[in-house]
Amino acid sequence: MKVKFFAQIRELTGVEEIECDLPVPATIDGLREQLMARGANWQQALQTNVLCARNQTLCDGVTPVSADDEVAFFPPVTGG
Amino acid sequence: MKVKFFAQIRELTGVEEIECDLPVPATIDGLREQLMARGANWQQALQTNVLCARNQTLCDGVTPVSADDEVAFFPPVTGG
Amino acid sequence: MFVEVSPNDFRQQDLYDRLCAADNASRSGAVVTFTGRVRDYNAEGSIDGIELEYYPGMTEAALQQLLEQAQQRFLLSDAGIVHRVGRLPNHAQIVWVGTCAPHRKDAFNAASYIMDMLKQSVPIWKKEWANGAAQWVAATSTDSQAAMRWLKDTDESGA
Amino acid sequence: MFVEVSPNDFRQQDLYDRLCAADNASRSGAVVTFTGRVRDYNAEGSIDGIELEYYPGMTEAALQQLLEQAQQRFLLSDAGIVHRVGRLPNHAQIVWVGTCAPHRKDAFNAASYIMDMLKQSVPIWKKEWANGAAQWVAATSTDSQAAMRWLKDTDESGA
Numbered sequence: 001m002k003v004k005f006f007a008q009i010r011e012l013t014g015v016e017e018i019e020c021d022l023p024v025p026a027t028i029d030g031l032r033e034q035l036m037a038r039g040a041n042w043q044q045a046l047q048t049n050v051l052c053a054r055n056q057t058l059c060d061g062v063t064p065v066s067a068d069d070e071v072a073f074f075p076p077v078t079g080g
Numbered sequence: 081m082k083v084k085f086f087a088q089i090r091e092l093t094g095v096e097e098i099e100c101d102l103p104v105p106a107t108i109d110g111l112r113e114q115l116m117a118r119g120a121n122w123q124q125a126l127q128t129n130v131l132c133a134r135n136q137t138l139c140d141g142v143t144p145v146s147a148d149d150e151v152a153f154f155p156p157v158t159g160g
Numbered sequence: 161m162f163v164e165v166s167p168n169d170f171r172q173q174d175l176y177d178r179l180c181a182a183d184n185a186s187r188s189g190a191v192v193t194f195t196g197r198v199r200d201y202n203a204e205g206s207i208d209g210i211e212l213e214y215y216p217g218m219t220e221a222a223l224q225q226l227l228e229q230a231q232q233r234f235l236l237s238d239a240g241i242v243h244r245v246g247r248l249p250n251h252a253q254i255v256w257v258g259t260c261a262p263h264r265k266d267a268f269n270a271a272s273y274i275m276d277m278l279k280q281s282v283p284i285w286k287k288e289w290a291n292g293a294a295q296w297v298a299a300t301s302t303d304s305q306a307a308m309r310w311l312k313d314t315d316e317s318g319a
Numbered sequence: 320m321f322v323e324v325s326p327n328d329f330r331q332q333d334l335y336d337r338l339c340a341a342d343n344a345s346r347s348g349a350v351v352t353f354t355g356r357v358r359d360y361n362a363e364g365s366i367d368g369i370e371l372e373y374y375p376g377m378t379e380a381a382l383q384q385l386l387e388q389a390q391q392r393f394l395l396s397d398a399g400i401v402h403r404v405g406r407l408p409n410h411a412q413i414v415w416v417g418t419c420a421p422h423r424k425d426a427f428n429a430a431s432y433i434m435d436m437l438k439q440s441v442p443i444w445k446k447e448w449a450n451g452a453a454q455w456v457a458a459t460s461t462d463s464q465a466a467m468r469w470l471k472d473t474d475e476s477g478a
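Residue numbers (this note's numbering), protein chains in the order written: chain A, 1 to 80; chain B, 81 to 160; chain C, 161 to 319; chain D, 320 to 478.
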């Protein structure tokens with residue numbers, strides 16, 4: 001599945017977008033745990049104050065994900 | 081003194097502006113009485129729901145007037 | 161600050177640029193504009209334009225005083241009002257109010273306040289045309305004398 | 320209704336004309352526009368412009384949803400949002416919101432509502448530049464998840 005990162009989270013992970021295997025469990029929280037295992041910077045980036053979207057719609061940690069989803073992690077918004 | 085009329089009051093009196101002698105008493109209400117004595121249309125025009133200004137500043141019936149003042153009578157405003 | 165009363169139509173860009181021309185206005189974070197236009201109906205049915213009468217001199221002074229009062233009440237960088245008079249067809253622009261402020265709440269609230277006060281307390285009178293005849297619009301304020309009280313004495317303003 | 324997210328600057332007249340182009344919009348009595356611009360300071364001192372990041376696709380969809388929600392909440396004839404992204408210098412235009420309505424209260428309230436919701440719930444992230452370095456702006460909302468809740472499920476909107 002395609003996973004995108006924005007703002008502080010993009011800068012901390014050092015990537016804008018990656019391809020990930022379907023996590024176990026196949027939920028947003030499962031994916032987040034899998035990503036945080038990649039290293040200290042990933043853990044820092046995704047530990048707190050993170051919002052997520054599945055297929056460009058805001059979602060929760062318990063939201064299920066499937067292989068063809070686009071998931072995104074980003075901090076609280078500060079636009080306008 | 082110069083006296084101006086606007087909107088419905090201008091149409092009822094049939095004049096935009098007239099020269100008047102200083103009324104007795106020399107107040108807005110004195111002037112109004114003097115004008116209303118001119119005829120039925122004047123009475124109708126100035127009887128109710130009339131605002132007045134002395135030298136382009138809103139004023140009351142008891143406001144004194146002098147010979148070189150500009151006085152105006154007009155209905156409640158409906159602009160914008 | 162600027163105030164203009166004239167029969168002429170206006171362009172949005174010109175008034176926006178004029179509002180923002182002052183240095184502190186050009187640096188403000190928020191700009192709000194309001195434009196009022198002739199509706200093609202009233203409570204009774206369709207109308208065929210309006211006609212606005214004003215009191216040259218007093219109307220401009222009242223608008224100017226209104227801007228000063230808005231500046232005392234809200235944190236504004238600048239503000240302007242342009243009001244047309246005379247015969248205006250349906251959908252024509254009637255009035256423009258622009259406000260510049262460091263923060264958007266002040267810009268919104270000031271523009272809204274200016275329009276509310278303008279409607280009830282600036283010497284402008286409206287006729288509506290329908291079926292070839294024009295009828296004066298009745299004032300909606302229940303106590304128009306009270307509504308215009310703020311114009312009586314400049315010392316009372318900004319209370 | 321229109322939504323646009325782009326690095327390009329915009330002209331007030333163009334957006335006003337675009338907003339009023341629809342037939343029912345051109346006949347509306349009230350038009351309100353809000354323009355947000357880069358302030359040259361923050362709480363710490365002077366800054367040297369900002370940089371805005373967005374989520375192409377999701378940002379536009381959120382803005383579109385916001386307009387639909389405003390139309391359910393207020394009596395609007397039309398509305399539009401244009402938001403710039405990328406590096407923007409001090410005093411540059413950032414965002415434009417325009418609303419058309421039969422009555423001015425709806426136009427004012429809808430524009431103000433759209434800006435409030437946009438600030439707390441549309442995927443855009445801001446960096447401020449100062450002394451050659453850029454710092455992400457911290458979100459002001461105490462519960463940002465709750466603030467964005469309305470974006471989760473379109474069925475919940477307009478409640």
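Here a beta-carbon is modelled for each residue, glycine too, at the ideal position from N, C-alpha and C.
Original post:
At least one CB of chain D closer than 7 Å to the CB of C/Met-277: is that the case?
Top reply: Numbered from 1 along the third sequence, position 117 holds the residue referred to as residue 277 of chain C. Not an interface residue.
Original post:
Do we get a CB-CB distance below 7 Å when we pair A/Val-77 with the residues of chain D?
Top reply: In the first sequence, counting from the first residue as 1, residue 77 of chain A sits at position 77. Closer than 7 Å: yes.
Subject >> Run of the beta strand (DSSP E) containing C/Gly-196, from where it starts to where it stops >> reply: To locate residue 196 of chain C, count along the third sequence from 1; it is residue 36. Taken as a continuous stretch (DSSP letters only), the beta strand (DSSP E) holding C/Gly-196 covers 190-197.
**OP:** Check whether the Cβ atoms of A/Glu-70 and A/Asn-55 lie closer than 7 Å to each other.
**Re:** Along the first sequence, read from residue 1 onward, the residue named residue 70 of chain A stands at position 70. Along the first sequence, read from residue 1 onward, the residue named residue 55 of chain A stands at position 55. A contact, by the Cβ cut-off of 7 Å.
Subject >> Contacting residues, own chain, Cβ-Cβ under 6 Å from D/Tyr-374 (five flanking each side not counted) >> reply: Reading the fourth sequence from its first residue, position 55 is the one you call residue 374 of chain D. Excluding sequence neighbours, D/Tyr-374 sits near Pro-442.
**OP:** Tell me, please, which residues DSSP counts as bridged to B/Glu-91.
**Re:** To locate residue 91 of chain B, count along the second sequence from 1; it is residue 11. None, per the DSSP bridge assignment.
Subject >> Option in D/Ser-365, D/Trp-444, D/Ala-452 with minimal Cα separation from D/Ile-413 >> reply: Taking the first residue of the fourth sequence as 1, we reach residue 413 of chain D at position 94. Of the candidates D/Ser-365, D/Trp-444, D/Ala-452, the one whose C-alpha sits nearest the C-alpha of D/Ile-413 is D/Trp-444.
Original post:
Residue range of the beta strand (DSSP E) that B/Ala-152 falls in?
Top reply: The residue labelled residue 152 of chain B in the question sits at position 72 within the second sequence. Residues 150-154.
Original post:
Can you tell me whether DSSP reads B/Cys-132 as helix, strand or coil?
Top reply: Numbered from its first residue, the second sequence carries residue 132 of chain B at position 52. Strand.
**OP:** Scan the region 351-398 of chain D and note each continuous beta strand (DSSP E) run of 3 residues or more that stays entirely inside, going in chain order.
**Re:** 369-373
Original post:
Taking 7 Å as the CB-CB cut-off, is D/Glu-387 touching chain A?
Top reply: Here residue 387 of chain D corresponds to residue number 68 of the fourth sequence, with the count starting at 1. D/Glu-387 does not count as touching chain A.
**OP:** Below 6 Å CB to CB, which residues in the same chain sit around C/Ala-320 once its five sequence neighbours on both sides are set aside?
**Re:** Because chain C spans 161 through 319 in this model, residue 320 of chain C falls outside it and cannot be assessed.
Subject >> D/Thr-491, buried or exposed, once every other Cβ within 10 Å from all chains shown has been counted against 16 >> reply: Since the displayed chain D opens at 320 and closes at 478, residue 491 of chain D lies outside it and no answer follows.
Original post:
By how many angstroms is the C-alpha of D/Pro-326 removed from the C-alpha of D/Gly-405?
Top reply: Working through the fourth sequence from its first residue, we reach residue 405 of chain D at position 86. Working through the fourth sequence from its first residue, we reach residue 326 of chain D at position 7. Cα to Cα, D/Gly-405 sits roughly 6 Å from D/Pro-326.
**OP:** State the Cα-Cα distance for the pair B/Leu-131 and B/Phe-153, rounded to the nearest angstrom.
**Re:** Against the second sequence, residue 131 of chain B aligns to sequence position 51. Against the second sequence, residue 153 of chain B aligns to sequence position 73. One C-alpha to the other measures close to 6 Å.
Original post:
Which chain A residues sit within Cβ distance under 8 Å of D/Ala-449?
Top reply: Position 130 of the fourth sequence holds residue 449 of chain D. Going along chain A, no residue has its Cβ under 8 Å from D/Ala-449, so there is no contact; the nearest lies around 16 Å.
Subject >> Near-chain D residues of the region 205-224 of chain C (beta-carbon distance less than 9 Å), N- to C-terminal order >> reply: none
Subject >> Residue range of the unbroken alpha helix (DSSP H) whose run includes C/Glu-267 >> reply: Start at 1 with the first residue of the third sequence, and residue 267 of chain C comes out as number 107. Here residue 267 of chain C is Ala; the residue named in the question, Glu, does not match the sequence. Taken as a continuous stretch (DSSP letters only), the alpha helix (DSSP H) holding C/Ala-267 covers 264-281.
Original post:
Could you check where the beta strand (DSSP E) with B/Glu-113 kicks off and where it finishes?
Top reply: Translated into the one-based positions of the second sequence, residue 113 of chain B becomes position 33. That residue, B/Glu-113, is in no beta strand (DSSP E); its alpha helix (DSSP H) goes 108-116.
**OP:** With DSSP as the reference, please indicate the residues paired to B/Glu-96 in a beta bridge.
**Re:** Position 16 of the second sequence, counted from the first residue, corresponds to residue 96 of chain B. For B/Glu-96, which the question treats as bridged, DSSP gives no partner whatsoever.
**OP:** Evaluate D/Ala-349 with the Cβ neighbour count: other Cβ atoms within 10 Å of its Cβ, from every protein chain shown; 16 or more gives buried, anything less gives exposed.
**Re:** Sequence index remark: in the fourth sequence, residue 349 of chain D carries index 30 (1-based). It counts as buried.
Original post:
Using a beta-carbon distance cut-off of less than 8 Å, what residues from the region 345-356 of chain D approach chain A?
Top reply: Gly-355
Original post:
Per DSSP, C/Ile-284 forms a beta bridge with which residues?
Top reply: Taking the first residue of the third sequence as 1, we reach residue 284 of chain C at position 124. Looking at the DSSP assignment, C/Ile-284 forms a beta bridge with C/Tyr-214.
Original post:
Distance, Cα to Cα, A/Leu-22 vs A/Gln-8?
Top reply: Along the first sequence, read from residue 1 onward, the residue named residue 22 of chain A stands at position 22. Along the first sequence, read from residue 1 onward, the residue named residue 8 of chain A stands at position 8. If I take the Cα positions, the gap works out to 24 Å.
Subject >> chain D contact for A/Phe-5 (CB, 7 Å cutoff) >> reply: The residue given as residue 5 of chain A occupies position 5 in the first sequence. Chain D, which has no Cβ nearer than 7 Å to the Cβ of A/Phe-5, makes this no.
Original post:
Would DSSP call B/Leu-102 helix, strand or coil?
Top reply: In the second sequence, residue 102 of chain B corresponds to position 22, counting from 1. Correct three-state label for B/Leu-102: coil.
Original post:
Should B/Ile-161 be labelled buried (16 or more other beta-carbon atoms within 10 Å of its own) or exposed?
Top reply: Beyond the ends of chain B as shown, which are 81 and 160, falls residue 161 of chain B; an answer cannot be given.
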